[in-house]
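J.:
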Amino acid sequence: MPQRVIAAKYINSRLPEPYETQLGGEPAHKVLNTGHAHWATPPRHSISWRDCYAAADGLPLPQKARLFLDQSGYPLPVPAHLVGSERTQTEEAVRLAVKIGREARRLGVDN
Numbered sequence: 000m001p002q003r004v005i006a007a008k009y010i011n012s013r014l015p016e017p018y019e020t021q022l023g024g025e026p027a028h029k030v031l032n033t034g035h036a037h038w039a040t041p042p043r044h045s046i047s048w049r050d051c052y053a054a055a056d057g058l059p060l061p062q063k064a065r066l067f068l069d070q071s072g073y074p075l076p077v078p079a080h081l082v083g084s085e086r087t088q089t090e091e092a093v094r095l096a097v098k099i100g101r102e103a104r105r106l107g108v109d110n
């Protein structure tokens with residue numbers, strides 16, 4: 000029987016340079032991944048925080064930014080279940096998502 004292969008490690012979630020660096024690079028990935036994981040895991044949610052973080056980690060920055068934006072590029076409201084540091088981190092992710100969304104469109108890498 001063949002072994003399962005974790006496809007995520009073979010999917011390139013990074014943009015080619017210089018775009019990746021211009022959009023914030025690895026620090027931006029971490030901020031958006033964390034914000035998405037907080038956003039997507041309300042209390043008693045059946046999917047783990049770690050799984051939500053990993054799911055976001057598989058996306059390039061422009062797609063990750065769209066997790067926090069409406070179709071016009073405006074920020075979605077932060078969910079009410081987020082409080083304290085989780086809310087603060089998610090609000091930071093939303094602000095960064097707006098910036099990345101605009102810059103990705105300007106650079107033509109908004110997939």
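Residue numbers (numbering that gives the first Met the number 0): 0 to 110.
We put the CB at the ideal spot given by N, CA and C, even for glycine.
When the Cα atoms are used, what is the spatial distance from Ala-103 to Thr-40?
T.: Spanning the two alpha carbons is a distance of roughly 27 Å.
J.: Short of 7 Å in beta carbon distance, which residues of its chain neighbour Gln-62, apart from the five on each side in sequence? Order them along the chain.
T.: Excluding residues within five positions, the ones whose Cβ falls inside 7 Å are Asn-110.
J.: Nearest CA to the CA of Val-82: which residue from Ala-64, Gly-34 and Leu-14?
T.: Out of Ala-64, Gly-34 and Leu-14, Gly-34 has the C-alpha closest to the C-alpha of Val-82.
J.: Return the residue from the list Ala-96, Pro-59 and His-28 that minimises the CA-CA distance to Asp-69.
T.: If we check each option's Cα against that of Asp-69, Ala-96 comes out closest.
J.: When you compare the CB positions of Pro-59 and Leu-106, do they come within less than 7 Å of one another, or not?
T.: Not in contact: Pro-59 and Leu-106 (Cβ atoms no closer than 7 Å).
J.: Tell me, please, whether the stretch 14-32 touches the stretch 48-59 by the rule of three or more beta-carbon pairs shorter than 8 Å.
T.: Counting Cβ pairs under 8 Å, three or more are found: they touch.
J.: When burial is assigned at 16 or more other CB atoms within 10 Å of the CB, is Ile-46 buried or exposed?
T.: Classification for Ile-46: exposed.
J.: Beta-carbon separation of Gly-57 and Ser-12 under 7 Å?
T.: Contact flag set, yes.
J.: So is Ala-92 buried or exposed if we call it buried at 16+ other beta carbons inside 10 Å?
T.: Buried, because 16 or more other Cβ atoms sit within 10 Å of the Cβ of Ala-92.
J.: Please report the Cβ distance between His-28 and Gln-88, rounded to the nearest whole angstrom; I am assuming they are in contact, meaning their Cβ atoms lie under 8 Å.
T.: Wrong, their Cβ atoms sit about 14 Å apart, outside the cutoff.
J.: For Glu-85, which residues of its own chain have a beta-carbon under 7 Å away from its beta-carbon, when the five flanking residues on both sides are left out?
T.: Here the set comprises His-37.
J.: Hey, how far is the Cα of Glu-25 from the Cα of Arg-101?
T.: Each residue's Cα considered, the two are about 18 Å apart.
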